[in-house]
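Read the structure below first, then the notes.
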Amino acid sequence: MTPAPSVTARATTYDELLRRVRAGGLGPDPAALRISVAFTTRQAVRHDGRGTGYRNEVLSLRLAEAVGSCAVEPGTLHDSAVEECVGADLARLLEHPLTPVRVAALDAYLMHVTPHTPDHGAQAVPLPAGPSLEKSRARARTVVDLLDLAPGSTVLVVGVVNSLLEALRARGLRYVPCDLKGGITEWGETVVTDALAATDRCDALLVSGMTLGNGTFEALREHALARGRQLVMFAQTGSAVLPRFLGHGVSAVCAEPYPFFWLDGGPGTLHRYRAADHPGGTR
Numbered sequence: 001m002t003p004a005p006s007v008t009a010r011a012t013t014y015d016e017l018l019r020r021v022r023a024g025g026l027g028p029d030p031a032a033l034r035i036s037v038a039f040t041t042r043q044a045v046r047h048d049g050r051g052t053g054y055r056n057e058v059l060s061l062r063l064a065e066a067v068g069s070c071a072v073e074p075g076t077l078h079d080s081a082v083e084e085c086v087g088a089d090l091a092r093l094l095e096h097p098l099t100p101v102r103v104a105a106l107d108a109y110l111m112h113v114t115p116h117t118p119d120h121g122a123q124a125v126p127l128p129a130g131p132s133l134e135k136s137r138a139r140a141r142t143v144v145d146l147l148d149l150a151p152g153s154t155v156l157v158v159g160v161v162n163s164l165l166e167a168l169r170a171r172g173l174r175y176v177p178c179d180l181k182g183g184i185t186e187w188g189e190t191v192v193t194d195a196l197a198a199t200d201r202c203d204a205l206l207v208s209g210m211t212l213g214n215g216t217f218e219a220l221r222e223h224a225l226a227r228g229r230q231l232v233m234f235a236q237t238g239s240a241v242l243p244r245f246l247g248h249g250v251s252a253v254c255a256e257p258y259p260f261f262w263l264d265g266g267p268g269t270l271h272r273y274r275a276a277d278h279p280g281g282t283r
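Under full-length UniProt numbering, the first residue of the sequence shown is numbered 1, with each subsequent residue one higher.
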């Protein structure tokens with residue numbers, strides 16, 4: 001008989017999770033752990049056959065074997081912030097004035113304490129090798145498969161990724177694209193900028209982990225919890241953080257720790273979590 005996954009300690013709010021980690025309530029004392037490497041990854045992409053491109057910038061912190069990450073708006077993170085992280089203890093970084101540093105530090109700590117393994121409720125999904133667009137589409141199908149919706153339902157997509165919109169279309173699902181930058185989608189659809197204002201006309205939420213870094217995650221989690229709506233997270237930012245909220249507003253997570261699919265043409269691995277796989281509450 002296969003043993004059941006262990007119940008990873010979860011939290012009801014982001015602030016509660018941060019407090020528990022700072023106090024050493026989920027593992028080793030953060031003051032005794034130091035970041036050995038800090039780095040940023042900057043990327044610009046325009047897939048063949050696509051009319052638009054985009055840029056990414058991610059802050060990553062390495063703690064022993066674990067890497068925690070938080071996306072930032074390109075050009076907003078000074079090199080001095082990266083230098084401040086090198087050799088710093090986790091306790092100090094969890095109190096850092098910059099939100100992306102705090103998020104990356106929390107992600108590194110939780111990745112170190114509870115890596116993406118079956119014992120912690122993760123289901124590994126292989127991502128095949130291939131060109132960037134093929135890998136983007138494969139990831140999008142894995143993410144969208146976490147939605148339990150009938151065709152014709154409407155999904156609020158926070159953090160517009162054209163491959164995700166394409167995968168939703170293939171499932172017969174409608175969507176409202178939302179991103180703080182606004183703009184238009186590959187298909188000429190207007191991208192709204194106020195996620196909360198659009199939630200009431202949607203049946204489920206599909207949300208980027210980047211919302212941890214810009215401070216909008218908690219409001220979306222609270223809305224999903226209060227309204228009983230599905231909230232599926234796709235997470236390069238905070239991939240080890242977001243599974244902590246399963247059953248507390250988050251219904252599923254597609255976690256993708258560093259290195260991300262867009263960095264390498266070789267095979268990779270995604271990690272799926274569902275609230276149904278995590279019986280019980282916080283502890």
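Where a beta carbon is used, it is the ideal one built from N, C-alpha and C, also for glycine. Note that the structure is predicted; figures quoted are calculated from it, not measured.
Buried versus exposed, by CB contacts within 10 Å (16 or more), residue i
i: residue 256; result: buried
i: residue 281; result: Reliability fails at residue 281, whose pLDDT of 34 lies under 50, so the model's placement of it is uncertain and the value that follows must be treated cautiously. Exposed, since its Cβ has fewer than 16 Cβ neighbours within 10 Å.
i: residue 2; result: Any reading at residue 2 must be qualified, since the residue scores a pLDDT of 39, below 50, and its modelled position is unreliable; no value is offered.
i: residue 228; result: exposed
i: residue 78; result: exposed
i: residue 200; result: exposed
i: residue 139; result: buried
i: residue 236; result: buried
i: residue 19; result: exposed
i: residue 278; result: Low confidence applies to residue 278: its pLDDT is 45, below 50, so where it sits in the model is not reliable enough to give any reading.
i: residue 252; result: buried
i: residue 100; result: buried
i: residue 67; result: buried
i: residue 183; result: exposed
i: residue 167; result: buried
i: residue 188; result: exposed
i: residue 181; result: exposed
i: residue 4; result: In this prediction, residue 4 has a pLDDT of 39, which is less than 50 and means its spatial position is unreliable; nothing more can be read from the coordinates.
Any C-beta of chain B under 8 Å from that of residue i
i: residue 127; result: Absent from the structure: chain B. Only one protein chain is present.
Presumed contact (8 Å Cβ cut-off) between residue i and residue j, rounded CB distance
i: residue 210; j: residue 71; result: 5 Å
i: residue 213; j: residue 103; result: 5 Å
i: residue 146; j: residue 45; result: Not quite, the Cβ-Cβ distance comes to about 24 Å (not below 8 Å), so this is no contact.
i: residue 178; j: residue 191; result: 7 Å
i: residue 98; j: residue 81; result: 6 Å
i: residue 35; j: residue 63; result: 6 Å
i: residue 37; j: residue 113; result: About 18 Å; that fails the 8 Å criterion.
Proximity test, residue i beta-carbon vs the ligand ATP heavy atom, cut-off 7 Å
i: residue 203; result: The ligand ATP is not part of this structure, which contains no ligands at all.
Whether residue i touches residue j by CB criterion (8 Å)
i: residue 287; j: residue 143; result: No answer is possible for residue 287: it lies beyond the span of the chain, which begins at 1 and ends at 283.
i: residue 258; j: residue 132; result: no
i: residue 245; j: residue 9; result: no
i: residue 121; j: residue 14; result: no
i: residue 156; j: residue 176; result: yes
i: residue 55; j: residue 74; result: yes
i: residue 22; j: residue 91; result: yes
i: residue 266; j: residue 105; result: no
i: residue 225; j: residue 158; result: no
i: residue 241; j: residue 275; result: no
i: residue 288; j: residue 216; result: With the chain running from 1 to 283 in the structure shown, residue 288 is simply not present.
i: residue 76; j: residue 59; result: no
i: residue 123; j: residue 271; result: yes
i: residue 185; j: residue 160; result: yes
i: residue 26; j: residue 89; result: no
i: residue 174; j: residue 154; result: yes
i: residue 151; j: residue 94; result: no
i: residue 269; j: residue 164; result: no
i: residue 119; j: residue 230; result: no
Identity of the residues DSSP links to residue i by a beta bridge
i: residue 177; result: 157
i: residue 268; result: 127
i: residue 274; result: 252
Sequence ranges, beta strand (DSSP E) only - wholly within the stretch 15-95, length at least 3
List check, beta strand (DSSP E) in window: 37-45, 54-63, 66-72.
Which runs of the beta strand (DSSP E) at least 3 residues long sit entirely within the UniProt domain "Putative heavy-metal chelation" (143-253)? Give them in chain order.
154-158, 174-178, 204-208, 230-235, all fully within the UniProt domain "Putative heavy-metal chelation" (143-253).
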